[in-house]
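Colleague:
Residue numbers (the numbering used here): 2 to 254.
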């Protein structure tokens, strides 16, 4: 019986050489400096961190009421979640809100696209990544900010958003969702609406929260009131409006 054996692709000699040289540089750095010198150099990072906080706060201070839309960067324009995010953003602008996203592709692009189409404020808080995530074309040119540090960027999301729309996404989306829930739960910030969109997508997560976190006593049953779960753009925007029919529309902290 004839069978074709798969041949492994040949490694790029240039890439191998670059990896060897990089390893050599790292080892030499540790050899030439002691631990205190290596870690002490990191203290200068504080100035970069401070500059990112200053730039973000100066640009966003007068942005007005905005809602942030989170979701996967991998979602394609043909996907129903992309179209839903675009429609939610469009409707939010019609209801008087600007739209903030992480500035990249996928759901983020959809959010900015919807805001742009509606003629509203379209803000992008981009992050510099090794694979070069670039700001999408639907962000207002004067409202694109690029960060090196995720934690600075997350502060901006929380501080300048009057609500979170959480579309289907991966680890990054879960990170932003659970941080907001934690800050509200622990009363580090005032409560604001967190609206999760896509009941089918989130049902596994919600079941785990109910069957494990609550049953094991890790959170209280009342913590389920910190977020809502909807399936349509209309219900997502209504959840934001309903919240602010009861509470003051104001900066979070």
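Virtual Cβ for every residue (Gly too), placed ideally from N, Cα, C.
From the DSSP output, which residues share a beta bridge with residue 128?
Modeller: Paired residues: 148.
Colleague: What residue range is occupied by the uninterrupted alpha helix (DSSP H) comprising residue 51?
Modeller: 46-61
Colleague: Taking Cβ positions, are residue 136 and residue 105 nearer each other than 9 Å?
Modeller: yes
Colleague: Please state if the CB of residue 240 and the CB of residue 261 are separated by a distance shorter than 9 Å.
Modeller: There is simply no residue 261 to check, as the chain begins at 2 and stops at 254 in what is shown.
Colleague: Here's the rule I'm using: 16 or more other beta-carbon atoms within 10 Å means buried, otherwise exposed. How should residue 43 be labelled?
Modeller: Burial call: exposed.
Colleague: Drop a sphere of 10 angstroms on the beta-carbon of residue 92, count the other beta-carbons inside from all chains shown, and report buried for 16 or more, exposed for fewer.
Modeller: buried
Colleague: Which one of 213, 153, 163 has the shortest CA to CA distance from residue 49?
Modeller: Comparing Cα-Cα distances from residue 49 to each of 213, 153, 163, the minimum goes to 153.
Colleague: Please classify residue 25: is it buried, with 16 or more other beta-carbons within 10 angstroms of its beta-carbon, or exposed?
Modeller: exposed
Colleague: Would DSSP call residue 215 helix, strand or coil?
Modeller: helix
Colleague: Starting from the Cα of residue 166, find the closest Cα among 248, 120, 100, 160 and give me that residue.
Modeller: 100
Colleague: Can the beta-carbon of residue 120 be found less than 9 Å from the beta-carbon of residue 156?
Modeller: Taking 9 Å as the Cβ cut-off, residue 120 and residue 156 do not qualify as a contacting pair.
Colleague: Can you check DSSP and say which residues form a bridge with residue 197?
Modeller: 167, 230
Colleague: How about residue 112 and residue 89: are their beta carbons less than 9 Å apart?
Modeller: Cβ distance < 9 Å, so residue 112 and residue 89 count as in contact.
Colleague: Can you give the beta carbon distance from residue 124 to residue 140, rounded, assuming they're within the 8 Å contact cut?
Modeller: 7 Å
Colleague: What distance in whole Å lies between the Cβ atoms of residue 168 and residue 199, which are believed to be in contact at a cut-off of 8 Å?
Modeller: 7 Å
Colleague: Locate the beta strand (DSSP E) running through residue 68, then write down its first and last residues.
Modeller: 67-71
Colleague: Between which two residues does the beta strand (DSSP E) carrying residue 100 extend?
Modeller: 99-102
Colleague: Roughly how many angstroms separate the alpha carbons of residue 81 and residue 71, rounded to a whole number?
Modeller: Residue 81 and residue 71 have their alpha carbons spaced roughly 15 Å apart.
Colleague: Give me the residue from 160, 189, 115 with the minimum Cα distance to residue 64.
Modeller: Here the closest residue by C-alpha is 160.
Colleague: If you follow the alpha helix (DSSP H) that residue 88 is in, where does it begin and where does it stop?
Modeller: For residue 88, the uninterrupted alpha helix (DSSP H) segment begins and ends at 81-95.
Colleague: Measuring CB to CB, does residue 194 end up less than 9 Å from residue 85?
Modeller: no
Colleague: Under a Cβ-count criterion, where at least 16 other Cβ atoms within 10 Å of its own Cβ denotes burial, should residue 248 be classed as buried or exposed?
Modeller: Flag for residue 248 reads exposed.
Colleague: Can you tell me which of 211, 68, 20 puts its alpha carbon nearest to the alpha carbon of residue 244?
Modeller: 68
Colleague: Assuming residue 59 and residue 150 form a contact by the criterion Cβ under 8 Å, report the distance between their Cβ atoms to the nearest whole angstrom.
Modeller: Contact doesn't hold; Cβ gap of about 17 Å is too wide.
Colleague: Considering only residues of the same chain and omitting the five flanking positions on each side of residue 186, which have a CB-CB separation below 7 Å?
Modeller: 224, 227
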